[in-house]
Amino acid sequence: MPEISKAYEPQSVEDRWYQHWQSQGCFRADASSPKPAFSIVIPPPNVTGMLTLGHVLNNTIQDILARRARMQGFEVLWLPGTDHAGIATQTVVEKTLKKQGLIKHRNDLGREKFLEKVWEWKEKHGGIIIQQLKKLGASCDWSRERFTMDDDYSRAVTSVFVDLYRKGLIYRGKRMVNWCPASQTALSDEEVEMKEQQGLLYYFKVEIVEEPGTFLTIATTRPETIPGDTAVAVNPKDPRYAKHIGKHVLRPLPCEYSAEQKRIPIVGDDQVDFEFGTGVLKVTPAHDRADFDIGQRHGLAVVEVINADGGMNALAGRDLATLDRFAARKAAAELLRNLGVMEKEEPYKNNVGFSQRADVPIEPRLSEQWFLKYPSLQKARDVVAKGEMRFYPDRWAKVYDHWLENIQDWCISRQLWWGHQIPVWYRKEGDRQEIHCDVAPPAGGGWTQDPDVLDTWFSSWLWAYETMDAATRRKFYPTTVLVTGPDIIFFWVARMIFAGFEYQGAPPFKNVYFTGIIRDKQGRKMSKSLGNSPDPLEIIAEYGADALRFGVMRSAPLGQDILFDEQNVALGRNFANKLWNACRFRQMQGGEVEGEISGRRLASEDKWILLKLNSALIELDRALGEYHFSQAAQTLYRFFWSEYCDWYVEASKAVFFGSDPARKEHTLAVIDFVLSHTLRMFHPFMPFITEELWHAMGYNQDLPEGQGGKTIMTAPWPKPFDQDFLDHYGLDDCYLENVDAQFHLVTEGRNLRSAANIPANKKAKFICKPAQGFSPHEAEVLKILLNAETFEINPDYQPAKGVVTASTPIAELFMSLEGLVDLDAERERLTKEREKILVEIQKVKDKLANPSFTQKAPAAVLAEHEKRLAEWQTKLQQTEAALQALG
RNA sequence: GCGCGCUUAGCUCAGUGGUAGAGCAUUUCCUUCACACGGAAGGGGUCGCAGGUUCAAAUCCUGCAGCGCGCACCA
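Structure, rendered in structure tokens:
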């Protein structure tokens, strides 16, 4: 066993082991393995993206599940890959080319040349995030890495399109869609984010043609669309206006129009809310969804005044044409004021749809797009509603169900170049258009392919199975669990479920675990513009990947957002260092031991730590089984730091500083047992340091190659002890209580020292008056833990002057001060103590004096209260005696 | 507007009916031979508010308030 360094240095360890694991094929999944399957597909990150803390959280969880499953004897497939991320990637590449001055617009290059550039970009940046995941320790089967634009995968995407087209579920139609003027493409409803905006509500009046001198006042937030108004609508049930239905008004804009051109009808429509504004609605069918519907009902003209890029066109009139839509709003308001028709403008908060990607207001726009009527809807809904597929936390099931209940057809076409081009070709034959939809282009000349590409999610919804070949699918589909963020529950999770049912006849996963969203310390979302998103790689360089993993997991409560604080990573690093040094301590006490643990030789604190280990194992399995990762991390932390290091290791010094070699040998055997379990329990959370220590401690040495001999990755996952084991080693729960009580006595004794201002480096003399008695070994342990010069057991001790006292249920403890005591301070301490005790006694007495409590409370609770009362009363007596003794 | 979640120590959070917990921060002491990325001992909470159920409520029920999120065509 080589000496190990004083502090753990992750940098020298992590890369070495990662390479070792890869070269040994530890991450490979074997589809022909007889072992039971455990599988996860990675939520594919954007191919040109960089690792964020969100990825760290998400992939650490997946890695924990994968590594634990391997240790449990499952054949594990964790399938990695990346996503082409249509809009994001195309935008980045186009911007870069513009910045380099190579183009003004992608049209300058043309589709093919531009796509070549995107592929170049992908080749250059596409591997970065994969390398970053490796730094984190992700145990993905990299031999199966996939990309949504791989040839095979692309073929699958188009053939699914063709299939759904033939089933009549995909259709083309002219509809109002969410148009992003920045990216100049249609978006799905899910890509629109409602944001509250502080704007103005403009009130302007229009004259009724048939009744000169009578005016209607209209409230609007968008005066720039007035030139596109083709009607004014009122509610037919509104007594104020019903009489005007069928008459006309003169729209004020464009100014230069003749009265005839300005004339628009007043229509009656139930849609109009007469509570709102003035109860008169201007109808702009070309630029508002609701208005479009009204227009359809009344046969209104659709006049487009805003272009695809968000600028106003000629139909908006000479004053507004060429202006941007926001400038046009101001200009239109100014025109209304100049015309003298503006009645008032009031501040107004309303919700405006924003393009999630480009962060600009969406422009509802009539255009020809491809839509999908979702397949396998009912099955997808039922599988979650019936609990056959479980969501964690399960409240997301409700969100999912609600979305499915109100689901709309999916707009799947995008006016982009980067992506899967729609497999549809058109040919004009005289007046009518021929359409050909197939995976292969049509024969014959004159055909042109639809220029649009498919929404990226239309490719990633096949991810759960299309990334697998037939043999892999047989073994690993449906996957065991999906780990992802709740922000893509509709975008991805729901759609994968549809695709799974439609094309595999089975849902794509058995469980879905939704992580929280990582925020900064102030609770703000991580964003590039705020600059509040730390680079995980820098954190790894400073603290180590294990520290980052453990820190994040320890602070990631189930289903809640996670406030990221670098302090948590420091905690992870400190923990790794503690683990390291605990192993170092073991090494310093001696070499390898041959002997096994013997039930006969186990001291009470040995049994105590083994029982604590067992509890930790039980808690850990339960926590991980329910995806309670932070609870699992806390169990590990508490067991190892508070129970093992703080108490057991300190107690073991009674043996190591003693002179009984057989006893030392046996204690080392206990320590090896506990540490070898601990390393395995920790491995899924902190893979690198545990592997390093596994070898440094020699725990791999006597194990078969596939059972931990080669790597801790294949060491068996520790199981809670069975009854035979507990019986064989005499591990009775009474040792938990017993040793806890002894440790409590130690705390009381240390408190005496502290209260008497005895510095930690000075030894003190203790006399102990036990209720039952201690074994010589236990007395030795107590002596060490109290840092005592002497620890005398004397059942008949009568305290002398200059002695301070603490009392516990198992013993009274006296500490000799040899005249150095500050009597007043001690009296004050004991008086405070006495008051505390009296309060507690009163609380318990009150309860016991209540007849309905004694009659109705369960016997165990009652007994527990009585015991508590007795203990407090003993303590009171002893404290009062101590006060008396002070004089 | 509808739905969901949260509210516990200065901060971040555990805690599903029976003596209020952890980490960080804070105070005091200690560089003692695993670890100062450490050790020891403290201080600090009427568990958001108001009702109700119960022998007993942080925990169950009802209402309210504040914060956050999702859904929603009120211009």
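Under the numbering used here, think of the first position of the first sequence as 221, with each following residue one higher.
Backbone N, C-alpha and C define an ideal beta-carbon position, used for all residues, glycine too.
Sequence-distant residues of the same chain with beta carbon closer than 7 Å to Val1112, five excluded per side: Residue 1112 lies beyond the range of the chain shown here (221 to 1107); nothing can be said about it.
Segment contact, 8 Å Cβ cut-off, at least three pairs: the stretch 297 to 308 with the stretch 259 to 269: yes
7 Å Cβ shell around Glu1032 - same chain, five flanking residues per side excluded: One-based indexing of the first sequence puts residue 1032 at position 812. Counting only Cβ-Cβ distances below 7 Å, and skipping sequence neighbours, we find Lys989, Thr1025 and Gln1098.
N-terminal and C-terminal residue of the beta strand (DSSP E) that Phe1011 is part of: On the first sequence, residue 1011 is found 791 positions in, with the first residue counted as 1. Element bounds for Phe1011: Ala1008 to Ile1013.
Close Cβ partners of Arg858 (< 6 Å) along its chain, the five nearest in sequence each way excluded: If you number the first sequence from 1, residue 858 lands on position 638. For Arg858, where only same-chain residues beyond five positions count, there are no Cβ hits under 6 Å.
CA-to-CA distance, Met808 to Ser1027, given in whole angstroms: Position 807 of the first sequence, counting from 1, holds the residue named residue 1027. Position 588 of the first sequence, counting from 1, holds the residue named residue 808. Their Cα atoms are separated by approximately 36 Å.
Start-end ranges of the beta strand (DSSP E) lying completely within the stretch 331 to 359, minimum 3 residues: none
Counterpart residues of Lys569 in DSSP-defined beta bridges: Locating residue 569 in the first sequence gives position 349, counting from the first residue. Beta-bridge pairing links Lys569 to Gln418.
For Phe986 and Arg615, the rounded distance between their alpha carbons: Along the first sequence, one-based indexing puts residue 615 at 395. Along the first sequence, one-based indexing puts residue 986 at 766. Cα to Cα, Arg615 sits roughly 57 Å from Phe986.
Contact set for Pro1015: own chain, Cβ-Cβ below 7 Å, skip 5 residues either direction: One-based indexing of the first sequence puts residue 1015 at position 795. Closer than 7 Å at the Cβ level, and outside the excluded window around Pro1015, lie Lys989 and Pro990.
Sequence-distant residues of the same chain with beta carbon closer than 7 Å to Ile1013, five excluded per side: Stepping through the first sequence from its first residue, residue 1013 is reached at position 793. Hits under 7 Å: Cys988, Pro990, Phe994 and Ala999.
Chain-order list of residues whose beta-carbon lies under 7 Å from that of Thr450 (same chain, five-residue window excluded): Indexing the first sequence from 1 puts residue 450 at position 230. Answer for Thr450: Ile484, Val503, Pro505, Gly515, Leu520, Ala521 and Val523, listed in chain order.
Same chain only: Cβ atoms within 7 Å of Glu839, ignoring 5 sequence neighbours per side: To locate residue 839, count along the first sequence from 1; it is residue 619. Thr855.
Arg900 to Pro936 span [Cα, whole Å]: If you number the first sequence from 1, residue 900 lands on position 680. If you number the first sequence from 1, residue 936 lands on position 716. Distance between the alpha carbons of Arg900 and Pro936: 8 Å.
Short Cβ contact (8 Å threshold) for Glu583 with Trp399: Taking the first sequence and counting its residues from 1, one reaches residue 583 at position 363. Taking the first sequence and counting its residues from 1, one reaches residue 399 at position 179. Cβ atoms of Glu583 and Trp399: closer than 8 Å.
CB contact flag (Ala439, Gly497, <8 Å): Here residue 439 is taken as the residue at index 219 of the first sequence, counted from 1. Here residue 497 is taken as the residue at index 277 of the first sequence, counted from 1. A contact, by the Cβ cut-off of 8 Å.
C-beta atoms of Leu674 and Val377 nearer than 8 Å: In the first sequence, the residue the question calls residue 674 occupies position 454. In the first sequence, the residue the question calls residue 377 occupies position 157. Contact flag set, yes.
Residue nearest to Phe678 in terms of C-alpha spacing, selected from Leu822, Gln641 and Ala691: The residue given as residue 678 occupies position 458 in the first sequence. Looking at the Cα atoms, Gln641 is the closest of the given residues.
Short Cβ contact (8 Å threshold) for Phe953 with Leu831: By one-based count along the first sequence, residue 953 stands at place 733. By one-based count along the first sequence, residue 831 stands at place 611. Checking the sequence, you will find Asp at residue 953 rather than Phe. Against a cut-off of 8 Å, the Cβ pair of Leu831 and Asp953 comes out as a contact.
Counted within 10 angstroms of its Cβ, other Cβ atoms place Tyr697 as buried (16 or more) or exposed: For the purposes of this step, residue 697 is identified with residue 477 of the first sequence, where counting begins at 1. Per the 10 Å Cβ criterion, buried.
Neighbourhood of Met221 by C-beta distance below 8 Å, restricted to the same chain and skipping five residues each side: In the first sequence, residue 221 corresponds to position 1, counting from 1. Low per-residue confidence applies at Met221: pLDDT is 41, beneath 50, and the placement is therefore not dependable enough to give any value.
For Asp539, the nearest candidate out of Glu234, Pro459 and Thr445 (CA to CA): Locating residue 539 in the first sequence gives position 319, where the first residue counts as 1. For Asp539, the nearest C-alpha among the options comes from Thr445.
Neighbour-count burial assignment, Lys1087, 16 or more Cβ in a 10 Å radius: Taking the first sequence and counting its residues from 1, the one referred to as residue 1087 is at position 867. When all chains shown are included, Lys1087 counts as exposed.
Test item: CB-CB of Ala406 and Gln669 under 8 Å: Within the first sequence, residue 406 is the residue found at index 186, counting from 1. Within the first sequence, residue 669 is the residue found at index 449, counting from 1. Not a contact, by the Cβ cut-off of 8 Å.
Distance CB(Trp769)-CB(Met906) smaller than 8 Å: In the first sequence, the residue the question calls residue 769 occupies position 549. In the first sequence, the residue the question calls residue 906 occupies position 686. The question names Trp, yet the displayed sequence has Arg at residue 769. Yes, they are a contact pair.
Three-pair Cβ contact test at 8 Å for the stretch 239 to 250 versus the stretch 919 to 936: yes
Segment limits, alpha helix (DSSP H) that includes Ile717: As a first step, residue 717 must be located in the first sequence, where it is residue number 497. Note, Ile717: alpha helix (DSSP H), Arg715 to Gln724.
Beta-bridge partners of Arg290, as assigned by DSSP: For the purposes of this step, residue 290 is taken as the residue at position 70 of the first sequence. In DSSP, Arg290 forms no bridge with anything.
Inter-stretch contact (C-beta, 8 Å, three-pair minimum) for the stretch 407 to 415 and the stretch 529 to 548: no
Beta-carbon contacts of Tyr763 that lie in its chain and below 6 Å, excluding the five residues immediately before and after: Here residue 763 refers to the residue found at position 543 when the first sequence is read from its first residue. Within the same chain, Tyr763 has close Cβ partners Val789 and Arg793.
Residue span of the alpha helix (DSSP H) that contains Gly845, given as start and end: Translated into the one-based positions of the first sequence, residue 845 becomes position 625. Per DSSP, Gly845 belongs to the alpha helix (DSSP H) from Ser824 to Gly845.
Contact under 8 Å by Cβ, Pro472 with Leu556: As a working mapping, residue 472 is identified with position 252 in the first sequence. As a working mapping, residue 556 is identified with position 336 in the first sequence. Taking 8 Å as the Cβ cut-off, Pro472 and Leu556 qualify as a contacting pair.
Residue burial classification, Val525 (beta-carbon count within 10 angstroms, cutoff 16): As a first step, residue 525 must be located in the first sequence, where it is residue number 305. It is buried - the Cβ of Val525 has at least 16 other Cβ atoms within 10 Å.
Extent of the continuous beta strand (DSSP E) to which Tyr646 belongs: Taking the first sequence and counting its residues from 1, the one referred to as residue 646 is at position 426. Here the beta strand (DSSP E) through Tyr646 covers Val644 to Glu649.
Cβ-Cβ distance between Pro401 and Ala528 below 8 Å: Position 181 of the first sequence, counted from the first residue, corresponds to residue 401. Position 308 of the first sequence, counted from the first residue, corresponds to residue 528. Yes, they are a contact pair.
Beta-carbon spacing of His1085, Lys1067 below 8 Å: Translated into the one-based positions of the first sequence, residue 1085 becomes position 865. Translated into the one-based positions of the first sequence, residue 1067 becomes position 847. Cβ atoms of His1085 and Lys1067: closer than 8 Å.
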